[in-house]
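Numbering (my numbering), first residue to last: 86 to 500.
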């Protein structure tokens with residue numbers, strides 16, 4: 086549910102009413118739960134107040150719980166700089182369950198305790214659950230269980246289960262709501278900016294450069310889709326949160342460029358930001374100019390020949406050759422093959438606190454075989470940004486080496 090709709094209780098009530106009417110008219114009566122995902126910057130209080138109504142169409146629904154998902158690493162950074170957004174306080178105050186997500190990025194026990202203590206000071210009644218990649222067993226959040234046929238297998242269904250059965254009538258997990266107070270509607274507290282180019286292409290390298298150098302501090306989210314210039318116009322879904330954490334997903338259902346910025350009210354000037362966003366989409370897809378940053382290439386990486394990528398350097402995390410081992414031995418050493426390791430590394434780089442990112446692409450290795458690699462957008466970024474990107478790659482590559490390929494660094498006797 087977009088933040089721009091969160092302020093309209095009438096629209097929300099109408100949408101819920103239509104869903105309830107459709108369920109009542111269906112012979113299957115398929116509706117057990119209604120899960121509403123709001124924008125990451127929405128104030129939940131107007132929706133909670135609407136769902137708590139005991140008159141009109143809302144009397145047919147019962148608000149079971151409010152769940153808030155926290156970017157643990159980003160919040161710790163904000164705590165260190167005393168820059169916690171007011172919106173975060175509001176979301177935590179109204180939550181019954183708080184997911185401390187991305188805990189895989191918070192390795193220090195002291196930091197984990199600091200985070201839990203601060204969240205507890207904001208809302209001492211909510212349940213706190215630690216997780217990574219948002220993976221939480223659904224029965225922890227809803228009154229459901231796996232079907233008996235699945236449970237009998239003894240397999241782990243913690244978050245992979247696709248089909249659930251409701252156990253009796255849903256029970257409310259709501260704590261008593263916070264004291265009534267004046268709240269800011271989303272339209273009053275936040276600013277959005279939208280840029281659409283029907284036949285445009287987005288240069289990921291330029292986006293990286295803009296995020297690193299020029300993106301206003303008031304931007305909290307960037308989302309949308311774009312045909313990626315470095316991938317020959319391949320469309321991708323793009324998400325950014327926490328000011329630097331990116332995710333990219335291939336899509337065949339979109340064309341052109343449509344980007345939306347969400348942030349604090351008066352967080353930027355439209356007449357400045359819109360031309361900057363359009364500048365990211367200028368020009369056409371062109372072959373790589375030959376700017377190869379091999380001098381920066383960390384020891385754990387090899388360069389691949391591009392297959393469909395242009396405008397960048399394709400590299401691959403390949404620790405096996407450094408230790409005189411064959412690439413095919415990777416799974417026996419680490420439990421993952423090198424393709425899986427590179428996909429994992431891309432996610433770790435893109436979710437790091439550094440405002441740089443890479444794309445997962447297919448390249449050709451020295452033996453002429455297809456191999457998964459990482460596209461470093463070296464053509465359209467400056468030396469400073471490129472150097473920062475290589476440092477992050479090297480750092481996360483060393484982390485992956487110790488995390489999954491530690492056997493390579495040990496002596497044959499195990500030391």
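Here a beta-carbon is modelled for each residue, glycine too, at the ideal position from N, C-alpha and C.
- For the 9 Å CB-CB criterion, residue 118 and residue 229 form a contact.
- Looking at the backbone, the Cα of residue 167 and that of residue 174 are separated by about 13 Å.
- In this model, residue 293 and residue 444 are separated by some 11 Å (Cα to Cα).
- Restricting attention to 354, 284, 384, 148, the CA atom closest to the CA of residue 341 is found in 284.
- In this structure, residue 185 sits away from residue 227, with a CB-CB distance that is not shorter than 9 Å.
- Take residue 307, set aside five residues on each side of it, and the residues of its chain with a beta-carbon closer than 6 Å to its own are 325, 346, in chain order.
- For residue 169, the secondary structure class from DSSP, reduced to helix, strand or coil, is coil.
- Unbroken beta strand (DSSP E) runs of no fewer than 3 residues, entirely contained in the region 311-383, are found at 319-326, 330-335, 342-349, following chain order.
- Annotation: residue 288 to residue 151 spans about 38 Å, alpha carbon to alpha carbon.
- Using a 10 angstroms sphere on the CB of residue 279, the tally of other CB atoms stays under 16, which defines it as exposed.
- Note on the region 160-225: whole alpha helix (DSSP H) runs with a minimum of 4 residues are 171-178, 194-207, in chain order.
- By the criterion of a C-beta distance shorter than 7 Å, residue 203 is surrounded in its chain by 164, once the five residues flanking it on both sides are discounted.
- With respect to residue 448, residue 455 sits close: the two C-beta atoms are nearer than 9 Å.
- For residue 136, the uninterrupted alpha helix (DSSP H) segment begins and ends at 130-136.
- The region 295-315 makes contact with the region 357-366; the number of CB pairs closer than 8 Å reaches 3 or more.
- The Cβ atoms of residue 386 and residue 478 sit closer than 9 Å to each other.
- Judged by DSSP in its simplified three-state form, residue 487 adopts helix.
- DSSP links residue 402 through a beta bridge to 386.
- When the Cα atoms are used, residue 320 and residue 210 turn out to be separated by approximately 44 Å.
- Looking at the DSSP output, residue 456 bridges to 448.
- For residue 417, the enclosing alpha helix (DSSP H) has its first and last residue at 415-419.
- In this structure, the alpha-carbon of residue 120 lies about 18 Å from that of residue 155.
- Membership of residue 433 in the alpha helix (DSSP H) is indicated by the continuous run 423-435.
- Around the CB of residue 464, 16 or more other CB atoms lie within 10 Å, so the residue is classed as buried.
- Residue 401 and residue 208 have their C-alpha atoms spaced approximately 44 Å apart.
- Per DSSP, reduced to three states, the secondary structure at residue 284 is coil, with no helix or strand assignment.
- Contact between residue 436 and residue 190 holds: their C-beta atoms lie close to 7 Å from each other, under 8 Å.
- Secondary structure note for residue 155: its beta strand (DSSP E) is the uninterrupted segment 152-156.
- Residue 344 and residue 410 have their C-alpha atoms some 44 Å from each other.
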